[in-house]
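In what follows, a single structure is set out as structure tokens and then discussed.
Number of protein chains: 2
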Amino acid sequence: MDHEEKISQLADLFSLMGDPSRLRIILTCLHEPISVSDIASELGLSQSLVSHHLRLLRAARMVRADRRGKQVFYIAADEHVRCVIEDMAEHINEPAELEVG
Amino acid sequence: MDHEEKISQLADLFSLMGDPSRLRIILTCLHEPISVSDIASELGLSQSLVSHHLRLLRAARMVRADRRGKQVFYIAADEHVRCVIEDMAEHINEPAELEVG
DNA sequence: TAAACATATGAACACATATTTAATTGTTTA
DNA sequence: TAAACAATTAAATATGTGTTCATATGTTTA
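Residue numbers (this note's numbering), protein chains in the order written: chain A, 1 to 101; chain B, 102 to 202.
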């Protein structure tokens, strides 16, 4: 994988996390597996929409699927996803700094 | 700042990094200040486009501006931006894992 | 097998946004 | 002050995409 391709993949991942609904979905399954319908009801989103988003997240290997009977449980794929979100949250919490310009 | 607002801000930041041109711009000024025109020529983007993107990045406090004479130099705002990118890069480098589904 | 439940998929639409072109603002220097 | 250079801004367009609605696929149980 060359450099440009890596940047492109990075952008894709960030783009996925850039949608509020999708970010909420990621946060909902960040620490424990949760079913599609539970995600939907918890976030007040339609089942269809959640499923659409999960498909994209799964394709990017940001979440993993685990079928248990009729239901499918999803959970965040690895530690990095958690770290990224935590780092970004810290950025938000930082006080604004003075700018020149 | 309440929880929903924080999620919204997080999504905005990720969304900004989700555009390939903008991500490249961030990477270009990640470790040292660089002028708008130098960013543009290095990335093969128009000055106008780079300026547009920098305005958004500056508004989100992801980069800082520093005018020196005619030129304006930009640099990534803080460590968190660097950490986030590094974490995400590690995610990409991880080998694919088996899925159930 | 049929019915009920859970999830996934397809098509269509509405909206957001990345990019271009052109004009403007700001800074230096001749 | 005028000209040259650097960056910003505005308007317009073209493309992408989040969401909805309807339908299909897959799984369990009666």
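C-beta: ideal position from N, C-alpha, C; glycine also.
Check: Given L157(B), which residues of its chain have a CB within under 8 angstroms of its CB, disregarding the five upstream and five downstream residues?; Outcome: L117, R123
Check: Counting only beta-carbon separations shorter than 7 angstroms, does I193(B) have a partner in chain A?; Outcome: yes
Check: Determine whether the beta carbon atoms of S136(B) and Q172(B) lie at a separation below 7 angstroms.; Outcome: yes
Check: Give a yes or no on contact between the segment 124 to 133 of chain B and the segment 105 to 114 of chain B, applying the rule of three or more CB pairs nearer than 8 angstroms.; Outcome: no
Check: Kindly say whether A59(A), judged by its beta-carbon, lies nearer than 7 angstroms to any beta-carbon of chain B.; Outcome: no
Check: Counting contacts by CB-CB distance shorter than 7 angstroms, is P134(B) in contact with chain A?; Outcome: no
Check: Please go through the segment 125 to 197 of chain B and give each complete beta strand (DSSP E) segment of 3 or more residues, from N-terminal end onward.; Outcome: 164 to 169, 172 to 177
Check: Assuming Y175(B) contacts R183(B) (C-beta within less than 8 angstroms), just tell me the rounded distance between them.; Outcome: Not confirmed; about 15 angstroms, so no contact.
Check: How far does the alpha helix (DSSP H) with M102(B) in it extend, from its first residue to its last?; Outcome: Here M102(B) belongs to no alpha helix (DSSP H), and DSSP marks it neither H nor E.
Check: Counting only Cβ-Cβ distances shorter than 8 angstroms, please list the residues of the segment 171 to 190 of chain B near chain A, keeping chain order.; Outcome: V173, A178, D179, H181, V182, C184, V185, I186, D188, M189, A190
Check: Rank S41(A), P33(A), V84(A), A40(A) by C-alpha distance to the C-alpha of R68(A) and give the top, closest one.; Outcome: P33(A)
Check: Kindly list, in the order they appear in chain B, the residues whose Cβ is closer than 7 angstroms to that of G18(A).; Outcome: A112, F115, S116, G119
Check: Give the single residue among D19(A), H91(A), N93(A) whose Cα lies nearest to the Cα of L54(A).; Outcome: D19(A)
Check: Looking at the structure shown, is D229(B) part of a helix, part of a strand, or coil, going by DSSP?; Outcome: This structure cannot settle anything about residue 229(B), because the visible part of chain B is limited to 102 through 202.
Check: Sorted by chain position, which residues of the same chain lie with C-beta nearer than 8 angstroms to A178(B)'s C-beta, five sequence neighbours on each side aside?; Outcome: R162, M163, V164, R165
Check: Determine, using beta carbons only, whether E191(B) and H91(A) come nearer to each other than 7 angstroms.; Outcome: no
Check: Would you say S149(B) reaches chain A, if we count a Cβ-Cβ gap shorter than 7 angstroms as a contact?; Outcome: no
Check: S51(A) CB to nearest chain B CB: under 7 angstroms?; Outcome: no
Check: Roughly how many whole angstroms lie between the Cα atoms of V50(A) and I7(A)?; Outcome: 27 angstroms
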